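Counting from 1 along the sequence shown, just add 19 to a position and that's the residue number in our numbering.
Glycine included, each C-beta is placed from N, C-alpha and C at the ideal position.
The model shown is predicted, which means the values in this text are computed figures rather than measured ones.
Okay, structure first, notes after.
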Amino acid sequence: MLADFRPTWMLESIYDLTPQEVREKKIGLILTDLDNTLIAWNNPNGTPQLQKWLVTMHESGIPVVVVTNNSSKRAAKALEELQLPFVSRALKPLSHGINVAKKRYRVSSSEIVLVGDQLMTDIAAANNAHVRSILVKPLIETDAWITKFNRAAERVVKKRLLKKGYLKRTWGHSLND
20 MLADFRPTWM
30 LESIYDLTPQ
40 EVREKKIGLI
50 LTDLDNTLIA
60 WNNPNGTPQL
70 QKWLVTMHES
80 GIPVVVVTNN
90 SSKRAAKALE
100 ELQLPFVSRA
110 LKPLSHGINV
120 AKKRYRVSSS
130 EIVLVGDQLM
140 TDIAAANNAH
150 VRSILVKPLI
160 ETDAWITKFN
170 RAAERVVKKR
180 LLKKGYLKRT
190 WGHSLND
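This is the structure:
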């Protein structure tokens, strides 16, 4: 059961993910959660750092697709400025949204990584879909009201993962950390 919540890697931020590391790990598609992973849940415009990271990935030919449990309307509004494709109503922790993206982009599970800030939804979904995952530190400390329930359960799971040695105690800045 704990293995369901074990990430492949842990990074401080999605911005630490570089095209070089993506190529080294044979990743052909980056799937990312939206709120508190790509953008702060209460700031849909993103940051200059995000804009720079997205340009770098685009120029490197690495597609970035948002996979979110949000509605299509919410995702479209949040991503309007960023011009990113998305899969809404992903049903994470189920693998539905990941499978939709996999079919849409015609890539195998071994070529996909899902980046997210929650063990209970993002990392569990990645493991359910048999794709690699990157747990990132949430961009801000506050969450939308619905996420607060997940965070409470996540604290218990994190303690167990740490005790078993399945989770690092520090955030990395490289997939090789």
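Can you give the Cα-Cα distance for Gly65 and Leu73, rounded to whole angstroms?
-> In the sequence shown, counting from the first residue as 1, residue 65 sits at position 46. In the sequence shown, counting from the first residue as 1, residue 73 sits at position 54. Using only the alpha carbons, I get a separation of about 11 Å.
Hey, is the segment 119 to 133 in contact with the segment 38 to 54, meaning 3+ C-beta pairs nearer than 8 Å?
-> Touching, per the Cβ criterion.
Can you give me the Cβ contacts of Ser114 inside the same chain, cut-off strictly under 7 Å, excluding the 5 residues immediately before and after it?
-> In the sequence shown, the residue the question calls residue 114 occupies position 95. The residues are Ala144, Asn147, Ala148.
Tell me whether Asn195 is buried or exposed, calling it buried when 16 or more other Cβ atoms sit within 10 Å of its Cβ.
-> Position 176 of the sequence shown holds residue 195. Exposed, since its Cβ has fewer than 16 Cβ neighbours within 10 Å.
Considering only residues of the same chain and omitting the five flanking positions on each side of Thr56, which have a CB-CB separation below 8 Å?
-> Position 37 of the sequence shown, counted from the first residue, corresponds to residue 56. Excluding positions up to five away in sequence, the list reads Ile33, Val134, Gly135, Asp136, Asp141, Val155, Pro157, Leu158.
For Arg188, which residues from the same chain have a beta carbon less than 6 Å from its beta carbon, with the 5 sequence-adjacent residues on both sides left out?
-> What you label residue 188 is simply residue 169 of the sequence shown in a count that begins at 1. There are no such residues.
Identity of the residue in Gly184, Leu138, Ala22 nearest Asn169 by Cα | Along the sequence shown, one-based indexing puts residue 169 at 150. Checking every option, the nearest Cα to that of Asn169 belongs to Leu138.
Are Ile117 and Val150 closer than 8 Å when you measure CB to CB?
-> One-based indexing of the sequence shown puts residue 117 at position 98. One-based indexing of the sequence shown puts residue 150 at position 131. Taking 8 Å as the cut-off, the Cβ atoms of Ile117 and Val150 count as close.
Euclidean distance between Cα positions of Val126 and Leu50 | Along the sequence shown, read from residue 1 onward, the residue named residue 126 stands at position 107. Along the sequence shown, read from residue 1 onward, the residue named residue 50 stands at position 31. When rounded, the distance between both Cα atoms is 12 Å.
Entirely enclosed alpha helix (DSSP H) segments - the segment 35 to 76, minimum 4 residues = 38 to 43
How is Gly135 classed by DSSP in three states: helix, strand or coil?
-> For the purposes of this step, residue 135 is identified with residue 116 of the sequence shown, where counting begins at 1. The answer is strand: DSSP assigns Gly135 an E or B state.
Drop a sphere of 10 angstroms on the beta-carbon of Asn89, count the other beta-carbons inside from all chains shown, and report buried for 16 or more, exposed for fewer.
-> On the sequence shown, position 70 is the one that residue 89 refers to. Buried is the call here.
Please confirm whether Asp52 and Val106 have their CB atoms less than 8 Å apart.
-> What you label residue 52 is simply residue 33 of the sequence shown in a count that begins at 1. What you label residue 106 is simply residue 87 of the sequence shown in a count that begins at 1. Judged by beta-carbon spacing, Val106 lies beyond the 8 Å limit of Asp52, meaning their Cβ atoms are not closer than that value.
Could you tell me which of Ser91, Leu98, Lys96, Gln102 sits nearest to Ala109, measuring between CA atoms?
-> As a first step, residue 109 is located in the sequence shown; it is residue number 90 there, counting from the start. It is Ser91 whose Cα lies nearest to the Cα of Ala109.
Per-residue burial, Lys183 [other beta carbons within 10 Å of its own, 16 or more giving buried] | Here residue 183 refers to the residue found at position 164 of the sequence shown. The residue is exposed, with fewer than 16 neighbouring Cβ atoms inside 10 Å.
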